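> Protein chains in written order, with full-length UniProt numbering: chain A, 1 to 233; chain B, 1 to 233. Ideal Cβ placement from N, Cα and C applies to all residues, glycine included. Remember, it's a predicted structure, so these values are computed and weren't measured experimentally. First the structure, then my questions, so here it is.
2 protein chains.
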Amino acid sequence: MAGLGKKVLIVYAHQEPKSFNGSLKDVAVAELGRQGCSITVSDLYAMDFEPRATRNDITGTLSNPETFSYGVEVYEAYKKAALSSDIVQEQKKVQEADLVIFQFPLYWFSVPAVLKGWMDRVLCQGFAFDLPGFYDDGFLKGKSAILSLTTGGTAEMYSKTGVSGDFRYFLWPLQHGTLHFCGFKVLAPQISFAPEFASEEERRGMVASWAERLKTIWKEEPIDCRPPWYFGQ
Amino acid sequence: MAGLGKKVLIVYAHQEPKSFNGSLKDVAVAELGRQGCSITVSDLYAMDFEPRATRNDITGTLSNPETFSYGVEVYEAYKKAALSSDIVQEQKKVQEADLVIFQFPLYWFSVPAVLKGWMDRVLCQGFAFDLPGFYDDGFLKGKSAILSLTTGGTAEMYSKTGVSGDFRYFLWPLQHGTLHFCGFKVLAPQISFAPEFASEEERRGMVASWAERLKTIWKEEPIDCRPPWYFGQ
Numbered sequence: 001m002a003g004l005g006k007k008v009l010i011v012y013a014h015q016e017p018k019s020f021n022g023s024l025k026d027v028a029v030a031e032l033g034r035q036g037c038s039i040t041v042s043d044l045y046a047m048d049f050e051p052r053a054t055r056n057d058i059t060g061t062l063s064n065p066e067t068f069s070y071g072v073e074v075y076e077a078y079k080k081a082a083l084s085s086d087i088v089q090e091q092k093k094v095q096e097a098d099l100v101i102f103q104f105p106l107y108w109f110s111v112p113a114v115l116k117g118w119m120d121r122v123l124c125q126g127f128a129f130d131l132p133g134f135y136d137d138g139f140l141k142g143k144s145a146i147l148s149l150t151t152g153g154t155a156e157m158y159s160k161t162g163v164s165g166d167f168r169y170f171l172w173p174l175q176h177g178t179l180h181f182c183g184f185k186v187l188a189p190q191i192s193f194a195p196e197f198a199s200e201e202e203r204r205g206m207v208a209s210w211a212e213r214l215k216t217i218w219k220e221e222p223i224d225c226r227p228p229w230y231f232g233q
Numbered sequence: 001m002a003g004l005g006k007k008v009l010i011v012y013a014h015q016e017p018k019s020f021n022g023s024l025k026d027v028a029v030a031e032l033g034r035q036g037c038s039i040t041v042s043d044l045y046a047m048d049f050e051p052r053a054t055r056n057d058i059t060g061t062l063s064n065p066e067t068f069s070y071g072v073e074v075y076e077a078y079k080k081a082a083l084s085s086d087i088v089q090e091q092k093k094v095q096e097a098d099l100v101i102f103q104f105p106l107y108w109f110s111v112p113a114v115l116k117g118w119m120d121r122v123l124c125q126g127f128a129f130d131l132p133g134f135y136d137d138g139f140l141k142g143k144s145a146i147l148s149l150t151t152g153g154t155a156e157m158y159s160k161t162g163v164s165g166d167f168r169y170f171l172w173p174l175q176h177g178t179l180h181f182c183g184f185k186v187l188a189p190q191i192s193f194a195p196e197f198a199s200e201e202e203r204r205g206m207v208a209s210w211a212e213r214l215k216t217i218w219k220e221e222p223i224d225c226r227p228p229w230y231f232g233q
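Shown next as structure tokens:
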């Protein structure tokens, strides 16, 4: 029971339960459950999660209704416990988690908009960071995070000499600019390359290797989430 | 009348018309209008633009209703002219434009979710690219694009030795992975650093320098949108 007492949040962004992303999410739930972890899944499409950052995220009156500043208003609302309930619920899940897994297909070298909206709205100033209070001092320090993603392109395309460049390049905004900024320890990404072009057997292999990795996930050391990991010297 | 007959689409993602982003959008409309350009603005928050990529983007029946694949279904729907009307309208605007300007505040080293959703949904396979038919062969070749963005952090933070790394690092997924992938010629980004920490005079200076740049925008050469521009070497 390697994960006994550990809490895991899986933030999952795929429309189809029977998809390859769905299988990766399901196998994580099964393996982590077997370890004795307590698991919560935020299934963003199923929740019809709101991605747009708007005035609706603040309940009650604004501090400056004349000129709306999302960042200022959300920071104030966080301190007054006046954020909308969907944001508060997600923040509670993050607060309780030891590990957050993001499971998604790569859309335009990044997360799908529904997951970008989760990051934009949930990881707000006051909750996830403050100024000062970011990067190694981010408020979510002590927690770990993993990006588990699928790509359309092949591993060869995402190599240093490939047309799409090293896969580490596109991870920078997500792993460093977002997760590290909030203080997360970032574990190595789990990238399943081009499952749509793979055989059924290869796809099963990718799912199995994710499950296998999760068996020892609590012993993993984080990456050194700074420029050399991404861009070399 | 440097821009006579030219068509410009401004994809604008800020909630507040009186914001600094709003001023940058307004000055672009004014300057390009003075040049004789025809200008269209997609004001994404005002339009309540849908960011989520879902089954609703396809009108009529699906090619595989058993297992929903967004990419497959949208590609088919594009070919059958069965995409939802909000996507079709944006695609028409892009098709007609010589230049697309994206005006937005940087959220998590990237675009706000509402603009990510515009990219996810509008720039679909068949319309913006095909396989093959990407990067230099992308279907939007012949058009130019500029990212005009504001940051929270200072220019010093976004330098090679700063805590957030060179600003070019976070541009990679947007400029290369998205715009270049679709064939756009990418003009140098217009970055207004930390307007919230600037004086009123400095902010006016940033708006004026954007207007000034736009006076000769039609003579600009695109950047060489490949790894050396971003990562050196």
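What is the rounded straight-line gap between the Cα of A/Arg34 and the Cα of A/Glu212?
Here residue 34 of chain A corresponds to residue number 34 of the first sequence, with the count starting at 1. Here residue 212 of chain A corresponds to residue number 212 of the first sequence, with the count starting at 1. Whole-angstrom Cα-Cα distance: 12 Å.
> Just checking: is the beta-carbon of B/Phe170 within a distance shorter than 8 Å of some beta-carbon in chain A?
In the second sequence, counting from the first residue as 1, residue 170 of chain B sits at position 170. Yes, its Cβ sits closer than 8 Å to a Cβ of chain A.
> Residues bridged to B/Gln103 by DSSP?
Sequence index remark: in the second sequence, residue 103 of chain B carries index 103 (1-based). In the DSSP output, where bridge partners are listed per residue, B/Gln103 has B/Tyr12 and B/Ser148.
> Given that a residue counts as buried once 16 or more other Cβ atoms are within 10 Å of its Cβ, and exposed if not, what is B/Ser192?
Here the question's residue 192 of chain B lines up with position 192 in the second sequence. When all chains shown are included, B/Ser192 counts as buried.
> Could you tell me the distance, in whole angstroms, from the CA atom of A/Leu214 to the CA atom of A/Met1?
If you number the first sequence from 1, residue 214 of chain A lands on position 214. If you number the first sequence from 1, residue 1 of chain A lands on position 1. Cα-Cα distance, rounded: 12 Å.
> Does B/Trp229 get closer than 8 Å to chain A when you measure Cβ to Cβ?
Residue mapping note: residue 229 of chain B aligns to position 229 of the second sequence, counting from 1. By this cut-off, B/Trp229 is not an interface position.
> Using a C-beta cutoff of 8 Å, does A/Glu16 count as contacting chain B?
As a first step, residue 16 of chain A is located in the first sequence; it is residue number 16 there, counting from the start. At least one chain B Cβ lies under 8 Å of A/Glu16.
> Ignore the nearest five residues each way along the sequence and tell me which others in A/Ala97's own chain have a CB closer than 7 Å to its CB.
By 1-based counting over the first sequence, the position of residue 97 of chain A is 97. Excluding positions up to five away in sequence, the list reads Lys7, Val8, Leu9 and Lys143.
> Please report the straight-line C-alpha distance between B/Phe127 and B/Ile146, rounded to a whole angstrom.
Within the second sequence, residue 127 of chain B is the residue found at index 127, counting from 1. Within the second sequence, residue 146 of chain B is the residue found at index 146, counting from 1. About 20 Å.
> Taking buried to mean at least 16 other C-beta atoms within 10 Å of its own C-beta, is A/Asn56 buried or exposed?
As a working mapping, residue 56 of chain A is identified with position 56 in the first sequence. A/Asn56 is exposed by the Cβ-count criterion.
> Consult DSSP for B/Val41 and reduce its assignment to one of helix, strand or coil.
Here residue 41 of chain B refers to the residue found at position 41 of the second sequence. In this structure, B/Val41 counts as strand in the three-state DSSP scheme.
> Using Cβ-Cβ distances below 9 Å, what residues of the segment 118 to 140 of chain A are close to chain B?
If the cut-off is 9 Å between Cβ atoms, the segment 118 to 140 of chain A has Trp118, Met119, Asp120, Arg121, Leu123, Leu131, Phe134 and Tyr135 near chain B.
> Under 8 Å, Cβ to Cβ, is there at least one residue of chain A near B/Thr178?
In the second sequence, the residue the question calls residue 178 of chain B occupies position 178. Output row for B/Thr178: interface = yes.
> Relative to the C-alpha of A/Pro65, which candidate in B/Lys92, B/Glu16, B/Asp43 and B/Thr61 has its C-alpha closest?
By 1-based counting over the first sequence, the position of residue 65 of chain A is 65. Answer by Cα proximity: B/Glu16.
> Check each residue of the segment 11 to 36 of chain A: if its Cβ is closer than 8 Å to any Cβ of chain B, include it; give the result in chain order.
Result list: Gln15, Glu16, Lys18 and Ser19.
> Rounding to the nearest angstrom, what Cα-Cα distance links B/Pro195 and B/Thr154 in this structure?
Counted from its first residue, the second sequence places residue 195 of chain B at position 195. Counted from its first residue, the second sequence places residue 154 of chain B at position 154. Distance between the alpha carbons of B/Pro195 and B/Thr154 is about 9 Å.
> Do you know offhand how far B/Leu187's Cα is from B/Val88's?
In the second sequence, the residue the question calls residue 187 of chain B occupies position 187. In the second sequence, the residue the question calls residue 88 of chain B occupies position 88. For B/Leu187 and B/Val88, the distance between alpha carbons rounds to 26 Å.
> Should B/Ser159 be labelled buried (16 or more other beta-carbon atoms within 10 Å of its own) or exposed?
The sequence position of residue 159 of chain B within the second sequence is 159, counting from 1. Exposed.
> Jot down the residue ranges of each uninterrupted alpha helix (DSSP H) in the segment 124 to 202 of chain A, minimum 4 residues, whole runs only, in chain order.
The qualifying runs are 167 to 171.
> Can you find a CB in chain B that lies within less than 8 Å of the CB of A/Gly165?
As a first step, residue 165 of chain A is located in the first sequence; it is residue number 165 there, counting from the start. Closer than 8 Å: yes.
> For a contact defined as C-beta to C-beta under 9 Å, what are the partners of A/Val186 on chain B?
Working through the first sequence from its first residue, we reach residue 186 of chain A at position 186. Simply none; closest approach about 14 Å.
> Determine, for A/Pro173, whether the minimum Cβ-Cβ distance to residues of chain B falls below 8 Å.
To locate residue 173 of chain A, count along the first sequence from 1; it is residue 173. Closer than 8 Å: yes.
> Which runs of the beta strand (DSSP E) spanning at least 3 residues fall entirely within the segment 13 to 92 of chain B, listed in chain order?
The segment 13 to 92 of chain B contains these whole beta strand (DSSP E) runs: 38 to 43.
> Using a Cβ cut-off of 8 Å (strictly closer), state whether A/Tyr75 contacts chain B.
As a position in the first sequence, residue 75 of chain A is number 75, starting the count at 1. No, because no Cβ of chain B sits closer than 8 Å to the Cβ of A/Tyr75.
> Specify the secondary structure class of A/Lys116 as computed by DSSP and reduced to three states.
Along the first sequence, one-based indexing puts residue 116 of chain A at 116. Three-state result, A/Lys116: helix.
> Can you check DSSP and say which residues form a bridge with A/Ser110?
Working through the first sequence from its first residue, we reach residue 110 of chain A at position 110. Answer by DSSP bridge pairing, in chain order: A/Tyr107.
> When burial is assigned at 16 or more other CB atoms within 10 Å of the CB, is B/Gly60 buried or exposed?
The residue given as residue 60 of chain B occupies position 60 in the second sequence. Looking at its Cβ environment, which holds fewer than 16 other Cβ atoms inside 10 Å, B/Gly60 is exposed.
> With DSSP as the reference, identify every bridge partner of A/Lys7, one or two as the case may be.
Along the first sequence, read from residue 1 onward, the residue named residue 7 of chain A stands at position 7. DSSP lists A/Ser38 as partners of A/Lys7.
> Terminal residues of the continuous alpha helix (DSSP H) containing B/Pro228?
Along the second sequence, read from residue 1 onward, the residue named residue 228 of chain B stands at position 228. Its alpha helix (DSSP H) spans residues Pro227 to Phe231.
> Beta-carbon within less than 8 Å of A/Val122's beta-carbon, same chain only, minus the 5 sequence neighbours each way: which residues are those?
Here residue 122 of chain A is taken as the residue at index 122 of the first sequence, counted from 1. Contacts found: Ile87, Glu90, Gln91, Val94 and Ala128.
> When burial is assigned at 16 or more other CB atoms within 10 Å of the CB, is B/Thr216 buried or exposed?
Your numbering for residue 216 of chain B matches position 216 in the second sequence. B/Thr216 comes out exposed.
> Determine the direct distance from the alpha carbon of B/Asp137 to that of A/Met119, and round the result to whole angstroms.
For this step, residue 119 of chain A is matched to residue 119 along the first sequence. For this step, residue 137 of chain B is matched to residue 137 along the second sequence. Distance between the alpha carbons of A/Met119 and B/Asp137: 33 Å.
> Below 7 Å on C-beta distance, what does A/Arg204 contact in chain B?
Mapped onto the first sequence, residue 204 of chain A falls at position 204. Those do not exist, as A/Arg204 stays about 16 Å from chain B at its closest Cβ, beyond 7 Å.
> Contact defined as beta carbons within less than 8 Å: I believe B/Phe102 pairs with B/Pro112. What is the distance between those atoms, to the nearest angstrom?
Your numbering for residue 102 of chain B matches position 102 in the second sequence. Your numbering for residue 112 of chain B matches position 112 in the second sequence. Actually they do not touch by this definition, with Cβ atoms about 11 Å apart.
> Put A/Met206 into one of helix, strand or coil per three-state DSSP.
Numbered from its first residue, the first sequence carries residue 206 of chain A at position 206. If DSSP states are grouped into helix, strand and coil, A/Met206 belongs with the helices.
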